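Trainee: Sequential numbering of the sequence shown, starting at 274, is according to our numbering.
The beta-carbon is built from N, C-alpha and C at its ideal position, and this holds for glycine as well.
A quick note: this is a predicted structure, and the numbers were derived from the prediction, not measured.
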Amino acid sequence: MKKYFHVYKATLNESIQYISSTMIGFISFFIMIFVFVNLWNYIYQDESQLINGYSMNQMIWYVLIAEVLWFGTRNKTLTKQISFDIKTGNIAYNINKPYNYVFYMIARHLGEITIKFLLFVTFGIVIGLIMIGAIPGFNFATIPLILISITLGVLINSIIRITISVISFWIEDSTPFHWIYDKLILVIGTIFPIEMFPNVLQPIIKCTPVFAITYGPTKLIIDFSLGMFWQILCVQVIYLVASSVVLLTLYKIGTKRLNVNGG
274 MKKYFHVYKA TLNESIQYIS STMIGFISFF IMIFVFVNLW NYIYQDESQL INGYSMNQMI
334 WYVLIAEVLW FGTRNKTLTK QISFDIKTGN IAYNINKPYN YVFYMIARHL GEITIKFLLF
394 VTFGIVIGLI MIGAIPGFNF ATIPLILISI TLGVLINSII RITISVISFW IEDSTPFHWI
454 YDKLILVIGT IFPIEMFPNV LQPIIKCTPV FAITYGPTKL IIDFSLGMFW QILCVQVIYL
514 VASSVVLLTL YKIGTKRLNV NGG
């Protein structure tokens, strides 16, 4: 684990040098939030009105927080670099180095997004307080539990993205699968909470990664309950274990296939 921590630390120090490029992402983030704030202000005729259990304040904060999780944890390391390494054959050199390639890429990814995520969190909080106001009933004592849920969500998302990229061992390009996954998370888990969908679809959506990655952590922030925390934590642990097993299995089969074919 020590060597992966050094990879994380080195990547983190490197990402600090490129903070200015991260700031550019705030423009599209702000535009999207501005649009949704005005949209929900129009939909809610009365600030005390509830739509599927959400007040206007909660609904806008949900979108804001989910967008922070979306924008703050994206980079090209997991979606582009791994596929590139597999297609070009660079992975043949990487798998012979004294570290596990999958764990190396996860450590590198986390190092790249840490500063970016903290900046988006800060920027998001400032925007939210100015445009919406504080979250009603938010309890600062719940922050440690919320951070656990966010961390697990980020890890699950990272593992699933690597798994999609590993498919490049068998297909020419995994980009279309990344596109489908991105749209699933963006439309279902980010723009709208699960309660906004028909009742017949809600149990199905709760079985998808959306529940563990975006909806769960965001729901805990705007409307925390201990029962909901344990429910989300249980789902996240199941997804973390299952996705890790699938990833390591596919990676092992893929590297064996690579070795059989001569690298």
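1. For residue 487 and residue 313, I'd like the C-alpha separation in whole angstroms.
2. Tell me the rounded alpha-carbon separation between residue 536 and residue 363.
3. For residue 352 and residue 319, what's the separation of their Cα atoms in angstroms?
4. When you compare the CB positions of residue 344 and residue 384, do they come within less than 9 Å of one another, or not?
5. Kindly give me the distance between the Cβ atoms of residue 302 and residue 390, rounded to whole angstroms, as I take these residues to be in contact under 8 Å.
6. For the alpha helix (DSSP H) that contains residue 353, what are its first and last residues?
7. Less than 9 Å between the C-beta atoms of residue 442 and residue 526, yes or no?
8. Between which residues of its own chain and residue 357 is the CB-CB distance below 8 Å, once the five residues before and five after are set aside?
9. Report yes or no: do the stretch 434-448 and the stretch 507-522 share at least 3 C-beta pairs separated by less than 8 Å?
10. Can you give me the C-alpha to C-alpha distance between residue 306 and residue 330, rounded to a whole angstrom?
11. Looking at the strands, I want to know which residues DSSP matches up with residue 327.
12. So residue 479 is in the alpha helix (DSSP H); what residue range does that whole segment cover?
13. Rounded to the nearest angstrom, what separates residue 346 and residue 387 at their Cα positions?
14. May I ask you to verify whether the stretch 472-486 touches the stretch 442-460, counting CB pairs closer than 8 Å and requiring at least 3?
15. Measure the C-alpha to C-alpha separation of residue 446 and residue 295 and round it to an integer number of angstroms.
16. Express the C-alpha separation of residue 505 and residue 407 in angstroms, rounding to a whole number.
17. So within the stretch 370-410, which uninterrupted alpha helix (DSSP H) runs reach at least 4 residues, ignoring any that extend past its ends?
18. Only counting the same chain, and skipping five residues up and downstream in sequence, which positions put a Cβ closer than 7 Å to that of residue 416?
19. Ignore the nearest five residues each way along the sequence and tell me which others in residue 342's own chain have a CB closer than 6 Å to its CB.
20. Hey, would you say residue 234 sits closer than 9 Å to residue 521, going by beta carbons?
21. So, for residue 418: in the same chain, excluding its five sequence neighbours on each side, which residues have a beta-carbon less than 6 Å away from its beta-carbon?
22. Run the CB neighbour count on residue 396, radius 10 Å, all protein chains shown included, and call it buried at 16 or more, exposed below.
23. Cα-Cα, which of 421, 494 and 274 is closest to residue 373?
24. Use the C-beta contact count for residue 533: other C-beta atoms within 10 angstroms, 16 or more gives buried, fewer gives exposed.
25. For residue 466, name the three-state secondary structure that DSSP assigns.
26. Indicate the three-state DSSP secondary structure (helix, strand or coil) for residue 359 in the structure shown.
Mentor: Straight from the coordinates:
1. Residue 487 and residue 313: Cα-Cα distance of roughly 20 Å.
2. Confidence in residue 536 is poor, its pLDDT being 48 and thus under 50, which makes the residue's placement unreliable; the coordinate value appears in the next sentence. Rounded to the nearest angstrom, the two C-alpha atoms are 9 Å apart.
3. Approximately 42 Å, taken between the alpha carbons.
4. Going by C-beta atoms, residue 344 is not nearer than 9 Å to residue 384.
5. Contact annotation, residue 302 with residue 390: C-beta distance approximately 12 Å; criterion of less than 8 Å not satisfied.
6. Premise fails: residue 353 is in no alpha helix (DSSP H) and is neither H nor E.
7. Yes. Within cutoff.
8. Within the same chain, and ignoring the five residues on either side of residue 357 in sequence, the residues whose Cβ sits closer than 8 Å to its Cβ are 363.
9. At 8 Å Cβ cutoff, the stretches touch.
10. Their Cα atoms are separated by approximately 13 Å.
11. Its beta-bridge partners are 324.
12. First-last for residue 479: undefined, no H or E at that position.
13. Each residue's Cα considered, the two are about 8 Å apart.
14. Yes, they touch.
15. So the two alpha carbons sit approximately 27 Å from each other.
16. So the alpha carbons of these two residues sit roughly 24 Å apart.
17. Within the stretch 370-410, the runs of alpha helix (DSSP H) that reach at least 4 residues and sit entirely inside it are, in chain order, 374-404.
18. Contacts found: none.
19. Taken in chain order, the residues that qualify are 487.
20. No statement about residue 234 is possible, as the shown extent of the chain runs from 274 to 536 and does not include it.
21. Taken in chain order, the residues that qualify are 502.
22. So residue 396 ends up on the buried side.
23. Measuring from the Cα of residue 373, the nearest candidate turns out to be 274.
24. In this prediction, residue 533 has a pLDDT of 49, which is less than 50 and means its spatial position is unreliable; nothing more can be read from the coordinates.
25. Coil at residue 466, not helix or strand.
26. The answer is helix: DSSP assigns residue 359 an H, G or I state.
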